[in-house]
Amino acid sequence: MGAGKSFEVMIDVKDSGHGIPGAQQKTIFQPGYSTKKRGWGLGLSLTKRIVEQYHNGSIFVKESAPHQGTTFRVELSKEDKK
Numbered sequence: 003m004g005a006g007k008s009f010e011v012m013i014d015v016k017d018s019g020h021g022i023p024g025a026q027q028k029t030i031f032q033p034g035y036s037t038k039k040r041g042w043g044l045g046l047s048l049t050k051r052i053v054e055q056y057h058n059g060s061i062f063v064k065e066s067a068p069h070q071g072t073t074f075r076v077e078l079s080k081e082d083k084k
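Numbering-wise, my numbering puts 17 at position 15 of the sequence shown, and it's gapless, one number per residue.
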């Protein structure tokens, strides 16, 4: 493989929940955001920080439909140092 070649991994995670309305799809990654009465609302914000800052990647809502669930996509890049 040539020097500087970029590899990409895409991981889709799908649930069968209620779905996420379009207006909330950006705010769900903010610290403290939760739809639950209990909890800290840190899961998605920590995931986003780890993916972006430590793995040079991204996470976003790929698709979401009411009563059909949500699919998140995680994209990771790695630069070949050889």
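Glycine residues also receive a C-beta, built at the ideal position from the N, C-alpha and C atoms.
If we count the other Cβ atoms within 10 Å of its Cβ and call it buried at 16 or more, is residue i buried or exposed?
| i | result |
| --- | --- |
| ASP17 | exposed |
| ILE13 | exposed |
| MET3 | Confidence at MET3 is low in this model, with a pLDDT of 43, below 50, so the placement of that residue should be treated as unreliable; the coordinate-derived value is given next. That one is exposed. |
| SER79 | exposed |
| VAL72 | What sits at residue 72 in the sequence shown is Thr, not Val. So THR72 ends up on the buried side. |
| LYS28 | exposed |
Along the beta strand (DSSP E) that carries residue i, what are the first and last residues, could you check?
| i | result |
| --- | --- |
| LYS64 | 60-67 |
Where does the unbroken alpha helix (DSSP H) through residue i begin, and where does it stop?
| i | result |
| --- | --- |
| LYS50 | 45-51 |
Please name the residue or residues paired with residue i in a DSSP beta bridge.
| i | result |
| --- | --- |
| GLU10 | SER79 |
| PHE74 | VAL15, VAL63 |
Please determine, among the options, the residue with the shortest C-alpha to C-alpha distance to residue i.
| i | options | result |
| --- | --- | --- |
| GLN26 | GLU65, LEU48, ILE52 | GLU65 |
| GLY34 | PRO23, LEU46, GLY24 | LEU46 |
Inset, instruction - Spell out a yes or no on whether the segment 34-41 and the segment 58-67 are touching, meaning 3 or more CB-CB pairs, one atom from each, closer than 8 Å. - result: Short answer: they don't touch.
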